[in-house]
Structure formats: C-alpha cells, structure tokens
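Enquirer: First the structure, which I've put down as structure tokens, then a few questions once you've had a look.
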Amino acid sequence: MTSPIRLLIVDDHPVVRDGLRGMFTGDPGFEVVGEAGDGAEALAVAAHHSPDVVLMDLRMPGMDGVTAIGRLVRSGSSAKVLVLTTYDTDADVLPAIEAGATGYLLKDAPRDELVRAVRAAARGDSVLSPRVAGRLMGRLRSPGPAEEPLSQRELEVLTLVAKGASNREAAARLFISEATVKTHLLHVYAKLGVNDRAAAVAVAYDRGLLTPGGSPFC
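Residue 193 in the working numbering sits at position 105 of the sequence shown, and the numbers go up by one each step.
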C-alpha cells in the first residue's frame with residue numbers, strides 16, 4: 089500500500105489553511121503533517137515533520153515565501169515546494185522558481201487540479217498553472233523592450249544586497265547615505281521590472297548581472 093503524501097500548508101490566512109486542510113484530510117492519499125503562518129514558522133515545522141510537499145503562499149508578514157523556499161532548498165530538505173498564491177506577475181513567478189519551487193499554482197485552481205499538482209510535485213514533476221505557463225512562454229517567445237543596463241553604483245548596491253547587506257550596511261560599505269542606497273535600489277527595481285529586493289536579486293542572477301561569490305568591486 090502506498091504511503092500518503094505528507095503535506096505542510098503555509099499561508100498567513102487561517103481560513104485558507106482551514107480550507108486546504110479540510111480538502112486534503114478527507115483524501116486517504118494525503119496526510120497534513122503541519123501548518124504555518126509565515127516562512128520562518130514553515131522552516132521550523134518542515135524541519136520537525138519532514139513533509140513530502142510544502143504548499144507555500146508567497147506574500148506573508150515576516151519571512152516571505154520566496155525567502156523560505158530558498159532557505160528550505162539550501163537546508164538540504166527533500167520536500168518539494170508547490171507555490172499556491174493569488175499573484176501571477178513576473179516579479180512573483182520568476183523569483184519563486186529561481187529559489188527552487190517545483191511548481192506554481194494560483195488559488196483559483198479547481199480542487200482536482202490542485203490535488204493532481206500536489207501528487208505531481210511529490211514525484212518531482214514541475215507543475216505550472218496554465219496562466220503562469222502562458223506568461224512564461226510569452227516571455228520566452230518575445231524579447232520585449234531593450235533592457236536598460238545598471239550603472240556601476242547600482243550594481244555595487246545590488247551585489248551587497250545579494251550578500252544579505254541591509255541598506256545601512258550597504259551605505260557604510262560604499263560611503264554613501266541610506267537615502268542614496270534606497271534611491272539606487274528604486275532605480276534597480278525599475279530597470280529590472282521588479283518590486284522588491286528578493287526579486288531584483290533573482291532577476292539579476294538570471295540575467296547574469298550577478299554571479300555567486302562574484303563582485304564588481306573589492
């Protein structure tokens with residue numbers, strides 16, 4: 089007899105967690121081993137219960153889903169992460185996939201589609217909602233407008249951010265004000281078409297603007 093798929097549900101809304109738990113606990117093919125309301129709690133629960141699949145929301149207070157995915161992957165966990173969110177913008181999809189998510193579904197997915205996706209993720213298969221897959225294919229097929237290059241200073245700021253530096257730490261390292269660091273980051277976001285630090289770093293790595301361990305200044 090096949091063992092049930094061990095599932096961890098991560099979402100900051102208790103009503104959503106309740107609904108998902110009710111959906112999967114009624115199916116003998118699944119076992120909900122834990123729940124979490126943010127990324128940090130998800131990491132702790134995953135370390136304790138070793139789930140097969142983590143259903144991960146992205147935008148949560150405290151540690152967000154993308155950060156949690158990256159840390160879970162780096163921890164050596166064998167859990168597969170299936171993103172379940174309401175957001176399908178490039179700024180959400182690309183960082184999640186770059187961080188190591190196995191799949192990406194939207195919360196309006198039918199129950200049967202979600203169940204199939206969790207089973208596929210447990211096997212290690214990649215799963216994308218049709219809408220997300222369409223966006224990614226469109227992005228690959230059309231080059232879009234020419235990318236505006238980052239300035240040397242913007243690249244320096246982004247390199248420090250990628251290494252985990254806060255705005256204050258980056259300012260001290262570069263001998264500039266925190267306000268100037270924030271301004272450079274806003275320019276970086278606009279040029280890369282993203283909305284936050286994690287997405288900027290993910291896109292920069294994807295485009296080859298940053299390399300692991302590399303730095304444009306020493």
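C-beta atoms are modelled at their ideal positions from N, C-alpha and C, and glycine is treated no differently. Keep in mind it's a predicted model, so treat the numbers as computed, not measured.
#1: Going by C-alpha distance, which of Gly122, Leu96, Gln240 and Leu246 is nearest leucine 172?
#2: Please report the straight-line C-alpha distance between valine 249 and alanine 209, rounded to a whole angstrom.
#3: Which class does lysine 195 belong to by DSSP, given the choice of helix, strand or coil?
#4: Tell me the start and end of each unbroken beta strand (DSSP E) in the region 97-164 that is at least 3 residues and wholly inside, in chain order.
#5: Taking only three categories from DSSP, how would you classify arginine 94?
#6: How many whole angstroms separate the CB atoms of glycine 281 and aspartate 178, which I take to be in contact at a CB cut-off of 8 Å?
#7: Out of curiosity, what's the CA-to-CA distance linking serine 91 and arginine 199?
#8: In this structure, how does DSSP classify valine 215 when only helix, strand and coil are distinguished?
#9: Within 10 Å of its beta-carbon, does histidine 272 have 16 or more other beta-carbons around it, so buried, or fewer, so exposed?
#10: Would you tell me roughly how many angstroms separate the C-alpha atoms of arginine 204 and leucine 160, rounded to the nearest one?
#11: What are the residues that DSSP puts in a beta bridge with lysine 307?
#12: Once DSSP output is grouped into helix, strand and coil, what is the label at lysine 168?
#13: What residue range is occupied by the uninterrupted alpha helix (DSSP H) comprising alanine 81?
#14: For the region 107-115 against the region 239-255, are there 3 or more C-beta pairs whose distance is under 8 Å?
#15: Do arginine 159 and the ligand FMN come close, with the Cβ less than 8 Å from some heavy atom?
#16: Might you give, ordered along the chain, the residues of its own chain that have their beta carbon closer than 8 Å to the beta carbon of proline 116, omitting 5 neighbours on each side?
#17: Can you have a look at glycine 259 and say buried or exposed, based on whether 16 or more other CB atoms are within 10 angstroms of its CB?
#18: Just curious, the alpha helix (DSSP H) that glutamate 236 is in, first and last residue?
#19: Looking only at its chain, what residues have a beta carbon closer than 8 Å to the beta carbon of lysine 270, apart from the 5 residues adjacent to it on each side?
#20: Between the alpha carbons of glycine 188 and methionine 144, how many angstroms are there, rounded?
Expert: Here's the rundown:
#1: Leu96
#2: Taking C-alpha positions only, valine 249 is separated from alanine 209 by approximately 31 Å.
#3: coil
#4: 118-124 and 141-144
#5: Arginine 94 falls in the strand class under three-state DSSP.
#6: 7 Å
#7: 21 Å
#8: strand
#9: Buried, by the Cβ-count rule.
#10: CA-CA distance, arginine 204 to leucine 160, rounds to 23 Å.
#11: Only positions 89 to 306 of the chain appear in the structure, and residue 307 is not among them; the question remains open.
#12: strand
#13: No answer is possible for residue 81: the residues shown for the chain start at 89 and end at 306.
#14: No, they do not touch.
#15: The ligand FMN is not part of the structure shown, which contains no ligands of any sort.
#16: Pro92
#17: Sequence check: residue 259 is alanine here, not glycine. Under this definition alanine 259 is a buried residue.
#18: Where glutamate 236 is concerned, there is no enclosing alpha helix (DSSP H), given that its DSSP letter is neither H nor E.
#19: These residues qualify, in order along the chain: Asn255.
#20: Taking the straight line from one Cα to the other gives about 12 Å.
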